[in-house]
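Residue numbers (my numbering): 178 to 575.
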């Protein structure tokens, strides 16, 4: 009977995008070799000895899902403890890099299951019956800054090879990701960039230069979030699944893109409305909870000499008065033209002010609406952080 027990695990997952997990493991092997038994009475009451592992026979087990396996010590540096009954015990620390199928659906709130599979390369179950036990309570399972070891499940099975059954043992590690790094470096900046972008796009202002700058601000924010999405894509394995964090960033990008499109549409509408030189209809004010502006309709200036009317011909008593009279007519006509131009400019300015009031209130509405959607997307994303740790799937395979 051969006993196997995992007592220590250290995680060093550095090639996650290649779906390779690295561990430093320490497992205890126990077996009985009748040839190593002795009678303590014949050896001064000696009940156990410690000697180099290279001097005794050790059952061979290999990690068959490993990309790289390295012993922490050479054979002559390992020691075995032998009891007088023939029971042998050895502790074998190893550095193992194994294939680990990463499920990125809930990244960065995901839980992964990575297996260390051991099997005998030659001996059948009749020659070496492996009995794997659960790790002891005082086992040392340590994660790293990103991963936390939640549990270790032991599965013992047999497989058929060359017409005989051989023993196989799976140590399945339950790894829970610590999302602090990704929330701090990616989620928080993405939320702040989107919130400030929406605030800049829909902050009330004039309808020419500043609104054009709002569109430029929105496009710059889209570029920044695209860079963050590229960082996430570089850390993930190439698969047909999109991680949860990727969905969040894409939704925020879509939200900001819609905001830029709405701002451009409002820019075009505001210019068109102002160019009509007409005041907003009263129901616009009521719809947006604004006070209706009372405006006297512009009918032009009626005083002075009409431009289209010909002056009345008067034959003065003195010939010099004719030229003076004609000059006065020209002065009155120029004064009327200038006054009409001033009145038109004042009217256009007043129309622009009223339309700016309308679009400023619309800006406030879209600002509130888009910020609410931005917060809602963040809340829906963060709720996955509070989901319970999923159990080991029944159909889990290496």
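Glycine included, C-beta positions come from ideal geometry on N, C-alpha and C.
Query: Check residue 343 in the structure and name its three-state DSSP category.; Result: strand
Query: Tell me residue 239's beta-bridge partners as DSSP assigns them.; Result: 296
Query: From the DSSP output, in three-state form, read off residue 338 for me.; Result: strand
Query: Contact check, residue 326 vs residue 186 under 8 Å by CB: the rounded distance?; Result: 6 Å
Query: Counting only runs that start and end within the region 423 to 466, where is the alpha helix (DSSP H) found for 4 or more residues in a row?; Result: 459 to 464
Query: Residue 536: buried (16+ other C-beta within 10 angstroms of its C-beta) or exposed?; Result: buried
Query: Quick one, which of 188, 202 and 467 has its alpha-carbon nearest residue 249's?; Result: 202
Query: Look at the alpha carbon of residue 319 and the alpha carbon of residue 347, and state the distance between them as a whole number of angstroms.; Result: 19 Å
Query: Between which two residues does the alpha helix (DSSP H) harbouring residue 276 extend?; Result: Here residue 276 belongs to no alpha helix (DSSP H); instead the beta strand (DSSP E) covers 264 to 276.
Query: With a cut-off of 8 Å on the beta carbons, I'd call residue 421 and residue 286 a contact; round off their distance for me.; Result: 7 Å
Query: Return the bridge partner residues of residue 229 from the DSSP annotation.; Result: 256
Query: Is the CB-CB distance between residue 352 and residue 188 below 9 Å?; Result: yes
Query: Looking at the secondary structure, which residues open and close the alpha helix (DSSP H) in which residue 378 lies?; Result: 365 to 378
Query: Among 231, 324, 339 and 277, which residue has its Cα nearest to the Cα of residue 301?; Result: 339
Query: Terminal residues of the continuous beta strand (DSSP E) containing residue 198?; Result: 197 to 209
Query: Can you look up residue 326 in the DSSP assignment and give me helix, strand or coil?; Result: strand
Query: Can you give me the Cβ contacts of residue 283 inside the same chain, cut-off strictly under 7 Å, excluding the 5 residues immediately before and after it?; Result: 421 and 561
Query: For residue 205 and residue 268, which I take to be in contact (beta-carbon distance under 8 Å), what is that distance rounded to the nearest angstrom?; Result: 5 Å
Query: Between the alpha carbons of residue 260 and residue 224, how many angstroms are there, rounded?; Result: 6 Å
Query: Take the Cβ of residue 229 as the centre, count every other Cβ of all protein chains shown within 10 Å, and call the residue buried at 16 or more, exposed below.; Result: exposed
Query: Run through DSSP, which three-state label would residue 290 get?; Result: strand
Query: CB residue 247 to CB residue 257, shorter than 9 Å?; Result: no
Query: Would you kindly report the start and end of the unbroken beta strand (DSSP E) that includes residue 566?; Result: Unbroken run through residue 566: none, as it is neither H nor E.
Query: Flag this pair as yes or no: are the beta carbons of residue 263 and residue 209 separated by less than 9 Å?; Result: yes
Query: Can you tell me the Cβ-Cβ gap for residue 433 and residue 395, rounded? I've got them flagged as a contact below 8 Å.; Result: 6 Å
Query: Excluding the 5 residues preceding and the 5 following residue 525 in the sequence, name in chain order all residues of the same chain whose CB lies nearer than 7 Å to its CB.; Result: 454
Query: Measuring straight from C-alpha to C-alpha, what distance separates residue 152 and residue 236?; Result: With the chain running from 178 to 575 in the structure shown, residue 152 is simply not present.
Query: Where does residue 244 fall in DSSP's three states?; Result: strand
Query: Please give the ranges of any beta strand (DSSP E) in the region 489 to 564, keeping only runs that are unbroken, at least 3 residues long and fully inside the region.; Result: none
Query: Under the three-state reduction of DSSP, which class applies to residue 408: helix, strand or coil?; Result: helix
Query: Given that a residue counts as buried once 16 or more other Cβ atoms are within 10 Å of its Cβ, and exposed if not, what is residue 254?; Result: exposed
Query: For residue 360, name the three-state secondary structure that DSSP assigns.; Result: helix
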